[in-house]
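Colleague:
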Amino acid sequence: MTSEQLPQLSESSCGSGPSSVPVFNCIAILSPISGSTKLAGRIANLEGISAEGNTERDVLLQLTKRFKSTVQEFSQKQQLIPWIDPPETPRPGEMQRFIPIHL
4 MTSEQLPQLS ESSCGSGPSS VPVFNCIAIL SPISGSTKLA GRIANLEGIS
54 AEGNTERDVL LQLTKRFKST VQEFSQKQQL IPWIDPPETP RPGEMQRFIP
104 IHL
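Positions in the sequence shown are counted from 1; adding 3 to them yields the numbering used here.
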């Protein structure tokens, strides 16, 4: 288990499906776009993922979809995930969100 992967349950909670579902930490940083009502976001622990939107929800939805897709791609190819370690930290005026992502 990597430092970005969350602990796994020994069996699925529903009693069906795979015995464990990988869960990863998605650390998002959000900031207002100067001169606009929009927000910008980026992933603090995986390089190259960013998004813009009208609301926090819009930005987080885009970021989490891209994060999940990227992590799935590396996992399917059995490649190491290039985590940013330590993750970026928010600058003044930015907000940080922690989102568990189930593959």
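Glycine included, each C-beta is placed from N, C-alpha and C at the ideal position.
#1: Residues bridged to I46 by DSSP?
#2: Thinking C-alpha only, which one of Q75, I46 and P35 is nearest T92?
#3: For G51 and A31, which I take to be in contact (beta-carbon distance under 8 Å), what is that distance rounded to the nearest angstrom?
#4: Could you pull out every residue in the same chain whose Cβ sits closer than 6 Å to the Cβ of E97, ignoring the five residues on either side in sequence?
#5: Can you tell me where the beta strand (DSSP E) with E55 in it begins and where it stops?
#6: Could you check the C-alpha separation between P90 and N48 for me, to the nearest Å?
Modeller: Walking through what the data contain:
#1: Here residue 46 refers to the residue found at position 43 of the sequence shown. According to DSSP, I46 bridges with A31.
#2: Along the sequence shown, read from residue 1 onward, the residue named residue 92 stands at position 89. The candidate whose alpha carbon is nearest that of T92 is I46.
#3: By 1-based counting over the sequence shown, the position of residue 51 is 48. By 1-based counting over the sequence shown, the position of residue 31 is 28. Actually they are not in contact, since the Cβ atoms of G51 and A31 sit about 14 Å apart, beyond 8 Å.
#4: Taking the sequence shown and counting its residues from 1, one reaches residue 97 at position 94. Here E97 has I32 and S34 as same chain residues with Cβ atoms under 6 Å from its own Cβ, once five neighbours each way along the sequence are excluded.
#5: Counting from 1 along the sequence shown, the entry for residue 55 is found at position 52. Where E55 is concerned, the enclosing beta strand (DSSP E) stretches over S53 to G56.
#6: Numbered from 1 along the sequence shown, position 87 holds the residue referred to as residue 90. Numbered from 1 along the sequence shown, position 45 holds the residue referred to as residue 48. Distance from the CA atom of P90 to the CA atom of N48, rounded to whole angstroms, is 5 Å.
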